[in-house]
Each structure stands twice: as structure tokens, then as C-alpha cells.
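Everything below concerns the one structure shown next.
Numbering (the working numbering), first residue to last: -17 to 509.
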């Protein structure tokens, strides 16, 4: 039988470049990836090399071509999902003038306050300007400096020569699309955190002249805006050569990762949430109206669905805590793993963790962990928060600490979920869990117990962004409709709350008191 048409789905995350071949029914054939390092700099800086992304993309496409040649030859469309809130200054020839200033980068915070200060103020930002942002965009720049509004000001103020040579500021997705097609555009979701758009009509996202004028950035340095499903062109000759694909392959604009995951999880119906567990995590659900909860930092924002918004509540670090554990605390040959050694050939780090976690009772022998490795976004926006263990004793083991980390991320998610319930107008009772870290069955069960709800795991959680990009590309190419997706989505395991639920209720009450007590201390430490 002939291979059905395939979408080459690009999934560019903080950890590296991934790509997959996705059929219209959501079948993911082939998977290839290359790590791309993140440089953490003094003073809150975090950068990645965009040229390294592009080189890694050629490598992963070559891997797919070697392992799945028939499927790669069946590619008719390319669509990308990428990390959001990164910023690249690009010259008139489309060449990057800077490294990508990552979504983790906080160096622009002071420049943001200088640009948007005034009296009266909230955390150094004029309340009158905040009111205008909320009315037009539904949100406001993060005072942490972790989005393009601050990144562009950082370039303007600290790199004036670069700013003068900058033709356009592009988000991560926009730069990949420029390399693919030679066309400079932003999508309705990639442009959001520049905080210069009028988002009051879901099907008519456009620049707000007053916000552009107040941004401190020249208006001509912002790219044209397109919908996520727009076909923005075919492969540029240089891109076709780089990837070894025909120049006739069309490129659909695509989306940033949280937008794509909401599609890839199959949660396209109103108020149907999913929990994504990656380097960061979020709870998201499509909703019919623009809305903002100022107190918790949750808003509904432009997304891939043309007549809907995506409610997104972002937790700054989730799976990053596991990366920290893997690299700094637990090794693959850790003797804790059921009394024997687990080599890299025997499984993933999630298999290793799943051997340890069930050995420790719920509550981690009284150890609590706060997962704020790099500040927090929701339900509080506080860049000063940091991770920490509490209640360690001479009897505490590494296994206790491991389970405490898993529980700490889940407890923080429950803290955020209360605001999500309020935003959606009803308690969430069931949720899809997806993202690479959802591969841990132990963690899925902990989430069910801590959140007190049914957790349905995506059949292939590591591929959710790629699947979402594949489906967005298929919709853009006219192969399916968004309304077809729920019938195509698949879950493998369902985790129900168990007997540990009551214990976590007590632990949660203690956990939520920690922020009030520790926040002033962290503020002093980082002043």
C-alpha cells in the first residue's frame, strides 16, 4: 500500500531539536532528536544558538530519511512547534545578530521597568499601562523579564549597534519559518509576549498602534502576523538543499509549544484541559472568550483554533527538576535501583525513577520540596523564588528526596489548579497528562493522588508537540478539520486517585503556607 501523506513535524524545545513524521490520523512514524545546549549566563541570562538549531534540523531529517525513507518521501507539508518567548535579532539578510535570548532569560527586567514605569505602579510597572495591556492583550509583560518585550529592550539598551542593524525581532518559531521559506512572519501566538497586539477578536489578531508606540521598539521591527494554519510558502531553495527535500513541500506557520500541545493532546473542545510535563509545565484548555485572572497570572490567549482562545497556567520548572536530579543527584548505576545496576541500555531515566518511587511511602517520610528552580510564573509571578528541601533529618535517604521532588511538582500544580478551576468556572475532574515527563507512571499516579482527579495519559506523550504540529499542518493543508481531532486522540493508561489522597490533602495545606513564609526571605537573598 502507498504511504499516506506525511507532515514533517518539527519540535524545537529547550533541550534540543526533534522531528517526526506524522500522518493525518496522528500516527507518529519515526522520531529523531539532537541536543542543543542552553548557556546560562551571570545576571540571569540564558541563551541558545539558532544556527545550532538549523544544523540539528538537517541532522534529524537525515536520520528520518535513513530510517523511514518511504515516509520521508511522502512528506507534503512541514509544520513546526517550538519553545516560545525567545527572541532573535535578525538583519536584512535574515541572519541572526544575536544568540536566541531564551524564555528563561531575565536580564531585561530592569529595562522593562525603566520603559514602562510610572506612578502609581505595580512591581515597578505603571498601573495605567497594565490596564491598557489587560484590556487589549489579556496579559502584560512578565516583571521577571522572561519574554520578548524585555528581551528587545535589552538589545536596544545594551547592544545599540545590534539594535541599529536589526531588521526584525523574531520569536523562535518565526526564525525557523524564515529559514524554511525566506518569509518573515509571526503567528498569532508567537507574537503574544511582545505585548503589542489587540487580541479582543480571536479571528482578527492585529497590532495595536498604541502598544507598538509605547513598546520602545521601532514599529518596522515587528513582523507581519499570520494564523497558525496559514500556508506561508514552500521550501526556499537553500532550505530544500539543507534538508534534502523537494522545494515543492509547503510550509504551514505552526505554533509555539503550549499551543501545539493543546492540539496534540486532542483537547480541542471547550474547557477540556491537559497537563503538559516538560522542562516547564502548564495546564491549558481552549475557551470561547478572552479573559484574564490578574491575581494568579492566568489568561486566555490567541491559539491555533481560529475562533477560540487557550487558557494557559504556566509553571516555570517541572521536568527541569528531573533533569537536575539526573545530572546532579542520581546516576543510572545508582545502587538504589532495586538492589542492582540499571545501565543506559536498559531503559530511560523514567524507568529508573519508577523503580525507586514506589519504594517510598507517600509523603516522602516528611520531606517537602519546593520546585522553584528558576522562579515561578503561576499562580504567583515571582522571579526570586528558588527550590529547596524542608524537614530533612539524619534518617532522610536519597529515595525520600527523590519522591519529595515528584510530590513537590505535583503539589505546586495543585496550587495552580485551584486558580484554573476558578478560571474555567467549574472544578476539573479529569485531565489528559502529556509531555516527556509523563512517561513516569509513578509520577502520573502521584498527580492523580495529589490533584484528586482522574489522570488520562497520552499514548505517546513525548510526541505531543510533534503530533500537534502535524495536525496543525494537516488542517492548514486542508487534509482534516480541527473537529476531527478528538476522535483521533488516544490515551493508554488511566490513573485514579488512591488511598494516599487524604494524606496529600494535609501535606498540601502545609505546602501552600510555605510561599507566604519563604517569599520575603528569597526577596532579601536576591535583592
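We put the CB at the ideal spot given by N, CA and C, even for glycine.
Out of 189, 270 and 55, state which residue places its alpha-carbon closest to the alpha-carbon of residue 407.
Residue 407 sits at position 425 when you count from the first residue of the chain shown. In this structure, 270 is the residue among 189, 270 and 55 with its C-alpha nearest to the C-alpha of residue 407.
Exposed unless 16 or more other CB atoms sit within 10 angstroms - verdict on residue 508: Mapped onto the chain shown, residue 508 falls at position 526. Residue 508 is exposed by the Cβ-count criterion.
Exercise. With C-beta atoms as the reference, is residue 436 less than 8 Å away from residue 416?
Worked result: Against the chain shown, residue 436 aligns to sequence position 454. Against the chain shown, residue 416 aligns to sequence position 434. Between residue 436 and residue 416, the gap from beta carbon to beta carbon reaches 8 Å or more.
- Where does the unbroken alpha helix (DSSP H) through residue 397 begin, and where does it stop? Counting from one through the chain shown, the residue named residue 397 turns up at place 415. Residues 380 to 406.
Taking the alpha-carbon of residue 213 as reference, which of 377, 201, 230 and 223 has the nearest alpha-carbon? Here residue 213 refers to the residue found at position 231 of the chain shown. Ranked by Cα distance from residue 213, the options 377, 201, 230 and 223 are led by 230.
So that I know if they touch, is there some Cβ in chain C lying closer than 8 Å to that of residue 479?
Judged by its chain identifiers, the structure shown contains no chain C, having just a single protein chain.
Host beta strand (DSSP E) of residue 518 (start-end):
Here the chain covers residues -17 to 509 and nothing more, so residue 518 does not appear.
With DSSP run on the structure shown, which of helix, strand or coil describes residue 327? Translated into the one-based positions of the chain shown, residue 327 becomes position 345. Residue confidence is low: residue 327 scores 45 on pLDDT, short of 50, so the model does not pin down where it sits. Its coordinate-derived value is still stated next. Helix at residue 327.
- Task: Could you please give the first and the last residue of the uninterrupted alpha helix (DSSP H) stretch that includes residue 198?
- Result: Here residue 198 refers to the residue found at position 216 of the chain shown. Careful: residue 198 lies outside any alpha helix (DSSP H) and carries neither H nor E.
ask   = So does the region 415 to 429 actually touch the region 252 to 268, counting three or more Cβ pairs closer than 8 Å?
value = With the cut-off at 8 Å, the region 415 to 429 and the region 252 to 268 touch.
Thinking C-alpha only, which one of 274, 374, 370 and 343 is nearest residue 361?
-> Here the question's residue 361 lines up with position 379 in the chain shown. Nearest of 274, 374, 370 and 343 to residue 361, Cα basis: 274.
Query - Any beta strand (DSSP E) of 3 or more consecutive residues that is wholly inside the region -2 to 32 - result: Here the runs fully enclosed are -2 to 5, 10 to 17, 21 to 23 and 27 to 30.
Item to check | Span of the alpha helix (DSSP H) around residue 429 | outcome: Position 447 of the chain shown, counting from 1, holds the residue named residue 429. Run containing residue 429: 423 to 433, per the alpha helix (DSSP H) assignment.
Can you list, in chain order, the residues of its chain whose CB lies under 6 Å from that of residue 348, leaving out five sequence neighbours each side?
What you label residue 348 is simply residue 366 of the chain shown in a count that begins at 1. Hits under 6 Å: 373.
Using alpha carbons as the reference points, say which of 106, 488 and 152 lies closest to residue 80. Position 98 of the chain shown holds residue 80. The alpha carbon of residue 80 has as its nearest neighbour, out of 106, 488 and 152, the alpha carbon of 152.
Neighbourhood of residue 454 by C-beta distance below 7 Å, restricted to the same chain and skipping five residues each side: Here residue 454 corresponds to residue number 472 of the chain shown, with the count starting at 1. In chain order, 61, 210, 211, 234, 236, 237, 242, 245 and 286 place their CB closer than 7 Å to the CB of residue 454, counting only its own chain and leaving out the 5 sequence neighbours on each side.
Check whether the region 83 to 102 and the region 110 to 127 touch, using three or more Cβ-Cβ pairs below 8 Å as the test.
The region 83 to 102 vs the region 110 to 127: in contact.
* Asked: Applying the criterion that 16 or more other CB atoms from any shown protein chain within 10 Å of the CB defines a buried residue, is residue 429 buried or exposed?
  -> On the chain shown, position 447 is the one that residue 429 refers to. Flag for residue 429 reads buried.
- Message: On the DSSP bridge list, what partners appear for residue 150?
- Response: To locate residue 150, count along the chain shown from 1; it is residue 168. In DSSP, residue 150 forms a bridge with 72.
- [ ] Could you work out which residue in 300, 220, 279 and 188 is closest to residue 206 when comparing CA atoms only?
- [x] Numbered from 1 along the chain shown, position 224 holds the residue referred to as residue 206. Minimum Cα distance to residue 206 is reached at 188.
- Message: Let me confirm a value: residue 463 is counted as buried when at least 16 other C-beta atoms fall within 10 Å, else exposed. Which label applies?
- Response: Along the chain shown, read from residue 1 onward, the residue named residue 463 stands at position 481. Result: exposed.
query: Of the choices 26, 68 and 43, whose alpha-carbon is the least far from that of residue 57?
result: To locate residue 57, count along the chain shown from 1; it is residue 75. Among 26, 68 and 43, the Cα nearest to that of residue 57 belongs to 43.
**Q.** Length of the line joining the Cα atoms of residue 165 and residue 73
**A.** Looking up residue 165 in the chain shown gives position 183. Looking up residue 73 in the chain shown gives position 91. Near 13 Å, if we compare the C-alpha coordinates of residue 73 and residue 165.
- prompt: Does the distance from the C-beta atom of residue 251 to that of residue 468 stay below 8 Å?
  reply: The residue given as residue 251 occupies position 269 in the chain shown. The residue given as residue 468 occupies position 486 in the chain shown. Yes, Cβ-Cβ distance for residue 251 and residue 468 is below 8 Å.
Can you name the start and end residues of the alpha helix (DSSP H) that residue 356 belongs to? Within the chain shown, the letter at position 374 stands for residue 356. Under the DSSP assignment, residue 356 falls outside any alpha helix (DSSP H); it carries neither an H nor an E label.
Requested in this report: Alpha carbon to alpha carbon, how far is residue 3 from residue 48? Give it in angstroms, no decimals.
Outcome: Working through the chain shown from its first residue, we reach residue 48 at position 66. Working through the chain shown from its first residue, we reach residue 3 at position 21. Rounded to whole angstroms, residue 48 to residue 3 spans 13 Å at the Cα level.
Quiz item: Taking contact to mean at least 3 C-beta pairs separated by less than 8 Å, is the region 130 to 144 in contact with the region 301 to 310?
Solution: With fewer than three CB-CB distances shorter than 8 Å, the region 130 to 144 does not count as touching the region 301 to 310.
Original post:
Where does residue 444 land, buried or exposed, given buried means 16+ other C-beta within 10 angstroms?
Top reply: The residue given as residue 444 occupies position 462 in the chain shown. With 16 or more Cβ atoms within 10 Å of its Cβ, residue 444 is classed as buried.
With 16 other CB atoms within 10 Å as the buried threshold, where does residue 255 fall? Working through the chain shown from its first residue, we reach residue 255 at position 273. With 16 or more other Cβ atoms within 10 Å, it is buried.
* Mapping DSSP to helix, strand and coil, what is residue 368? -> Taking the chain shown and counting its residues from 1, the one referred to as residue 368 is at position 386. Shown here, residue 368 sits in coil according to DSSP, grouped into three states, outside any helix or strand.
task: Tell me whether residue 499 is buried or exposed, calling it buried when 16 or more other Cβ atoms sit within 10 Å of its Cβ.
output: Within the chain shown, the letter at position 517 stands for residue 499. With fewer than 16 Cβ atoms within 10 Å of its Cβ, residue 499 is classed as exposed.
- Residues near residue 344 in its chain [Cβ-Cβ closer than 6 Å; skip 5 each side]: If you number the chain shown from 1, residue 344 lands on position 362. Contacts found: 482 and 485.
**Asked** For the alpha helix (DSSP H) that residue 467 lies in, which residues bound it at each end?
**Response** Translated into the one-based positions of the chain shown, residue 467 becomes position 485. Where residue 467 is concerned, the enclosing alpha helix (DSSP H) stretches over 467 to 470.
Q: Rounded to whole angstroms, what's the CA-CA distance from residue 22 to residue 296? Just pull it up for me.
A: The residue given as residue 22 occupies position 40 in the chain shown. The residue given as residue 296 occupies position 314 in the chain shown. C-alpha separation (whole angstroms): 21 Å.
Checklist entry - In whole angstroms, what is the alpha-carbon distance linking residue 323 and residue 334? => result On the chain shown, position 341 is the one that residue 323 refers to. On the chain shown, position 352 is the one that residue 334 refers to. Its pLDDT being 41, under 50, residue 323 is placed unreliably in this model, and the value from its coordinates should be taken loosely. Cα to Cα, the separation comes out at about 10 Å.
*asked:* Could you compute how far the alpha carbon of residue 240 sits from the alpha carbon of residue 247?
replied: Position 258 of the chain shown, counted from the first residue, corresponds to residue 240. Position 265 of the chain shown, counted from the first residue, corresponds to residue 247. Computed Cα separation, rounded: 10 Å.
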